[in-house]
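Trainee: Numbering (this note's numbering), first residue to last: 14 to 227.
(1) Any idea if residue 188 is buried or exposed, counting beta-carbon neighbours within 10 angstroms, 16 or more meaning buried?
(2) Please determine, among 109, 142, 134, the residue with the shortest C-alpha to C-alpha distance to residue 115.
(3) Let me confirm a value: residue 76 is counted as buried when at least 16 other C-beta atoms fall within 10 Å, else exposed. Which label applies?
(4) Which residue marks the beginning of the alpha helix (DSSP H) containing residue 75, and which one marks its end?
(5) What is the C-beta distance between residue 36 and residue 63, in whole angstroms, given that I count them as a contact (C-beta under 8 Å)?
(6) Sort out for me which residues DSSP pairs residue 46 with in a bridge.
(7) Do you know how far the Cα of residue 101 is from the Cα of residue 199?
(8) Rounded to whole angstroms, how far is the Cβ of residue 71 from the Cβ of residue 52, which I believe are closer than 8 Å?
(9) What does the alpha-carbon distance come out to for the pair residue 172 and residue 30?
(10) Measure the Cβ-Cβ separation of residue 87 and residue 109 and say whether it is below 8 Å.
(11) Assign residue 145 to buried or exposed, taking buried as 16 or more other Cβ atoms, counted over all protein chains shown, within 10 Å of its Cβ.
(12) Would residue 191 pass as a contact of residue 224 if the rule is Cβ separation under 8 Å?
(13) Where residue 137 and residue 118 are concerned, what is the direct C-alpha to C-alpha distance, given to the nearest angstrom?
(14) Report the three-state DSSP secondary structure of residue 97 (helix, strand or coil).
(15) Taking contact to mean at least 3 C-beta pairs separated by less than 8 Å, is the segment 179-188 in contact with the segment 157-165?
(16) If you draw a straight line from the C-alpha of residue 43 to the C-alpha of residue 205, how long is it?
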């Protein structure tokens with residue numbers, strides 16, 4: 014048995030930066046205890062003349078270690094989808110995915126790149142039901158790194174925080190269009206690298222997209 018889910022498939026319109034098509038996908042195959050996961054997050058920035066980029070593409074083995082919690086480990090890739098337009102690297106990853114009290118869906122991961130660079134990430138989201146079909150979803154993402162990797166615009170310490178809110182309507186359990194807004198900010202050395210390259214360190218924006226399950 015298995016499942017595939019686009020938790021986010023959206024068009025993002027920031028106040029300052031370029032517009033982009035953004036995706037957050039995961040699919041799994043297996044049973045209740047052991048599974049194989051394929052996870053992917055990325056974007057295709059509009060009008061920059063470059064192909065889409067994987068922020069992460071991961072193949073993971075997952076094992077249920079407690080009620081609602083899976084321990085995961087495997088390999089990952091960051092870089093261009095169909096070209097070498099973007100910097101590339103591979104990494105090992107170990108993580109924990111599950112549901113915290115009050116139904117907060119959580120994904121925590123530690124990555125170690127081929128060059129020994131260490132980074133970690135946290136993602137959390139919660140579906141607040143307004144009606145049987147209408148829901149409000151707050152979402153938070155935090156990224157940190159143990160060392161600077163200038164090629165990827167990553168500084169040592171706290172890299173970035175992103176918070177968003179989406180209003181969705183479940184036409185069916187497998188199809189839910191939504192609209193939303195977000196705020197994101199870079200910190201410390203990561204913000205310094207962005208300023209040096211002329212990029213924004215803080216932005217807000219709106220999104221429109223769909224959640225798909227199949």
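For every residue, glycine included, the Cβ atom is placed at its ideal position computed from N, Cα and C.
Mentor: A quick look at the data gives this:
(1) exposed
(2) 142
(3) exposed
(4) Residue 75 -> not in any alpha helix (DSSP H); beta strand (DSSP E) instead, spanning 66-79.
(5) The beta-carbon distance between residue 36 and residue 63, rounded to whole angstroms, is 16 Å. This is too long to meet the 8 Å contact definition.
(6) As computed with DSSP, residue 46 is found in no beta bridge at all.
(7) 21 Å
(8) 5 Å
(9) If you take the alpha carbons of residue 172 and residue 30, they lie about 18 Å apart.
(10) Not closer than 8 Å, so no.
(11) exposed
(12) The beta carbons of residue 191 and residue 224 sit closer together than 8 Å.
(13) 6 Å
(14) coil
(15) no
(16) Distance between residue 43 and residue 205, taken at the CA atoms: about 44 Å.
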